[in-house]
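Here is the structure we will look at.
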Amino acid sequence: MNELRFAFRQLLKNPGFTVVAVFTLALGIGASTSMFSVLNSLLLHEPPYPDTDALLRVFRTGPTYRFSQSSPANFIDYRIQAKSFSHLAAYQWKGANLAEPGQRAEQLDGLSVSGEFFAALGVQPALGRFITEEDDQAGKEPVVVLSEPVWRQRFAADPSLIGRQIRLDGQPVTVIGIMPRGFDDRLVWGRVSLWRPLAFDNATRQSRGDNFLNLVGRLRPGVSPATALAEMTTITAGLAASFPDTNAGSGVNLVPFLRSTQDETSRSLALFAMALAVCVLLIACANIANLLFARNVLRQRENAIRAALGSSRLRLARGALTETLLLSLAGGGIGLLLATGINRVLRTQLRFDGQEGLSLAIDWRVAAFALAAAVIASVVSGLLPAWLASGADVIDALKQNARGSTSGAHVRIREGMVVVGVALSLMLLAGAGYFFRGLDRFLARDHGWRTASLLTATIALPEARYGDDAAKRRFYDRLTERLATLPGVNPTSATRR
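Taking the numbering used here, the leading residue of the sequence shown gets 2, the next gets one more, and so forth.
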């Protein structure tokens with residue numbers, strides 16, 4: 002405690018040095034902490050499901066692909082034969098048009114899921130119940146589970162909505178449940194507003210060539226992913242032998258659920274941005290080390306007097322390092338505030354489907370990183386100056402005037418720190434220039450067609466009214482004719498999807 006009080010008084014006696022040092026460290030720690038927030042959201046992201054280590058994504062593989070979807074018939078066989086999974090579920094993205102009386106129609110993104118989907122994830126509804134195997138049958142009364150944002154925004158969070166009917170794609174559908182807040186994870190599912198049963202008919206259940214289902218499974222307690230992979234490989238080999246026309250050459254790939262949400266591009270970009278931020282922190286440490294060298298020159302006589310009075314070299318070094326630690330902790334606190342501000346700006350830029358996609362919250366991991374960065378910065382920037390300052394020759398230092406002098410070793414080290422700082426700055430500038438140049442070339446690339454006046458839109462046609470291709474073609478023909486009557490619309494630019 003005495004050393005802390007002494008170090009604090011020494012910093013207060015030199016407010017100019019203290020302010021410059023603290024804000025230099027704050028910039029380095031703030032930038033690196035903000036980038037770690039991005040890394041934390043992308044790579045260390047934890048979905049709100051229990052025991053995510055037991056969750057696996059099941060992908061179909063082939064000679065030229067490793068992450069493909071599965072067919073309904075193969076999924077049903079997997080679910081019957083695979084004993085490694087306590088639950089194996091399927092889902093596909095499928096939107097719907099919500100049109101309530103007196104309100105504007107809205108197209109909602111949704112998932113069609115099998116009966117074990119919510120059991121596999123291990124979540125509980127906020128209200129009502131989830132879709133079950135009984136709901137996931139052809140001919141059953143249509144039901145829907147709504148997301149918490151849709152329930153709150155479109156239905157004013159009315160708890161009596163459970164059991165009532167709403168109109169989806171022009172048909173009455175019963176609301177049976179409300180999802181918990183935070184389930185519609187942007188990195189996992191994207192923006193999902195509703196969940197409905199797959200409810201395959203007999204013809205679809207027997208289809209093996211139409212691969213459109215995404216599979217997720219939860220391992221039984223005590224079963225390892227390797228055991229599950231071996232079992233699934235045996236099952237797929239049996240299906241390939243039994244149905245060579247559709248399954249020949251197909252295999253299976255099991256990927257941990259958390260890792261399946263991370264693509265190589267986002268992982269590489271996050272790590273690259275983190276490396277640039279670390280360069281900023283190292284530059285700050287080099288600058289602080291130089292400031293400490295200059296300050297220690299002025300304190301040579303003071304240190305010599307303390308050494309003559311009996312202070313050991315270790316104690317002198319420890320006192321100097323304590324001052325640096327106080328500077329770093331103050332810089333870390335301000336840097337954490339700076340990172341919060343940077344994250345607010347980044348949240349408005351990193352968007353998915355027009356909405357903020359990353360929370361970039363200052364959670365315990367980010368706070369721990371900021372604290373670790375502060376401690377490491379204090380050691381990196383302060384250890385060498387503190388040790389050299391504590392080892393000055395007492396007799397020579399006492400003979401010098403009050404301002405002291407600089408030894409050849411100190412000069413060489415300070416010059417080396419300048420070289421390190423310049424080298425890191427050049428690396429940072431080169432890396433940032435390379436990154437933004439690549440981003441600019443990506444955004445300005447030539448697509449091969451004119452995009453200046455191009456507008457795209459997605460339409461979810463209800464199966465009840467447009468169940469076959471002929472009905473869909475007639476709808477798009479009428480849509481093209483109506484678009485052609487609008488001013489400024491080229492009729493040849495309307496494209497069916």
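Where is the CB? At the ideal position from N, CA and C, for every residue including glycine.
| Asked | Found |
| --- | --- |
| Would you kindly check if the distance between the Cβ of P257 and the Cβ of L57 is under 8 Å? | yes |
| Can you find the residues in the same chain that come closer than 7 Å, C-beta to C-beta, to Q11, ignoring five residues on each side of it along the sequence? | E324 |
| If you reduce the DSSP assignment to three classes, tell me which class I460 lands in. | coil |
| I think L162 touches V176, with their Cβ atoms under 8 Å apart; what is that distance to the nearest whole Å? | 5 Å |
| Starting from L57, follow the beta strand (DSSP E) in both directions and report where the run begins and ends. | 56-62 |
| Starting from F156, trace the alpha helix (DSSP H) in both directions and tell me its first and last residue. | 149-156 |
| Which one or two residues does DSSP pair with V114 in a beta bridge? | Y92, P198 |
| Go ahead and label P102 buried or exposed: buried means 16 or more other beta carbons lie within 10 angstroms of its beta carbon, across all protein chains shown. | exposed |
| Would you report the Cα separation of T407 and F294, rounded to the nearest angstrom? | Note that T407 has pLDDT 49, beneath the 50 cutoff, so the model's placement of it is unreliable and the number below is only indicative. Taking the straight line joining both Cα atoms gives about 9 Å. |
| Report the CB separation of P181 from A127 in whole angstroms; it is logged as a contact under 8 Å. | 5 Å |
| Per DSSP, what kind of secondary structure is R497 in: helix, strand or coil? | Note that R497 has pLDDT 45, beneath the 50 cutoff, so the model's placement of it is unreliable and the number below is only indicative. DSSP places R497 in coil when its eight states are reduced to three. |
| Whole beta strand (DSSP E) runs in the segment 218-257 with 3 or more residues, listed along the chain? | 252-257 |
| Taking only the alpha-carbon atoms, compute the straight-line gap between L361 and I284 and give it to the nearest angstrom. | 25 Å |
| Count the other C-beta atoms from every protein chain shown that fall within 10 angstroms of the C-beta of A271, then say buried if there are 16 or more, exposed otherwise. | buried |
| Applying the 10 Å Cβ sphere with the 16-neighbour rule, what's the burial state of E47? | exposed |
| Give the C-beta separation of V114 and Y92 to the nearest angstrom, bearing in mind that I take them to be a contact with Cβ-Cβ under 8 Å. | 4 Å |
| Pick helix, strand or coil for F1, following the three-state DSSP scheme. | Lying before the first or after the last residue shown, residue 1 is absent from the chain, which here runs from 2 to 498. |
| According to DSSP, is Q82 helix, strand or coil? | helix |
| Can the beta-carbon of N98 be found less than 8 Å from the beta-carbon of L195? | no |
| Please list, in chain order, all residues of the same chain as N203 whose beta carbon is under 6 Å from its beta carbon, the five residues on each side excluded. | none |
| Give the single residue among T457, Q207, S454 whose Cα lies nearest to the Cα of F76. | Q207 |
| Quick one: measure Cβ to Cβ for M275 and L40, integer angstroms, because I've assumed they're closer than 8 Å. | 5 Å |
| To the nearest angstrom, report how far apart Y477 and G250 are at their CA atoms. | 38 Å |
| Closer than 7 Å by C-beta to A375: which residues in its own chain qualify, once you throw out the five before and the five after it? Chain order, please. | I30, S329, L330, G332, G333 |
| Whose C-beta lies closer than 8 Å to the C-beta of V21 among residues of the same chain, with five residues either side of it excluded? | L292 |
| Around the C-beta of W152, are 16 or more other C-beta atoms found within 10 angstroms, so that it is buried, or is it exposed? | buried |
| Which residue comes first and which comes last in the beta strand (DSSP E) that contains E107? | 107-109 |
| So G1 and D246 are supposed to be a Cβ contact under 8 Å. How far apart are they, rounded? | The requested residue 1 does not occur in the structure, where the chain is confined to residues 2 to 498. |
| Among F9, A8, S35, which residue has its Cα nearest to the Cα of L338? | S35 |
| Using the C-alpha atoms, what's the distance from G123 back to P226? | 18 Å |
| Applying the 10 Å Cβ sphere with the 16-neighbour rule, what's the burial state of E135? | exposed |
| I need the straight-line Cα distance from A290 to L347, nearest angstrom please. | 31 Å |
| Output the distance between the C-alpha atoms of L255 and T133, rounded to the nearest integer angstrom. | 25 Å |
| By Cβ distance below 7 Å, which residues in the same chain neighbour F213 in space, the five residues on each side in sequence not counted? | Q70, Q93 |
| Tell me the residue span of the alpha helix (DSSP H) that contains R206. | 203-206 |
| From F118, S148, G434, S33, pick the residue whose C-alpha is nearest to that of R219; which is it? | F118 |
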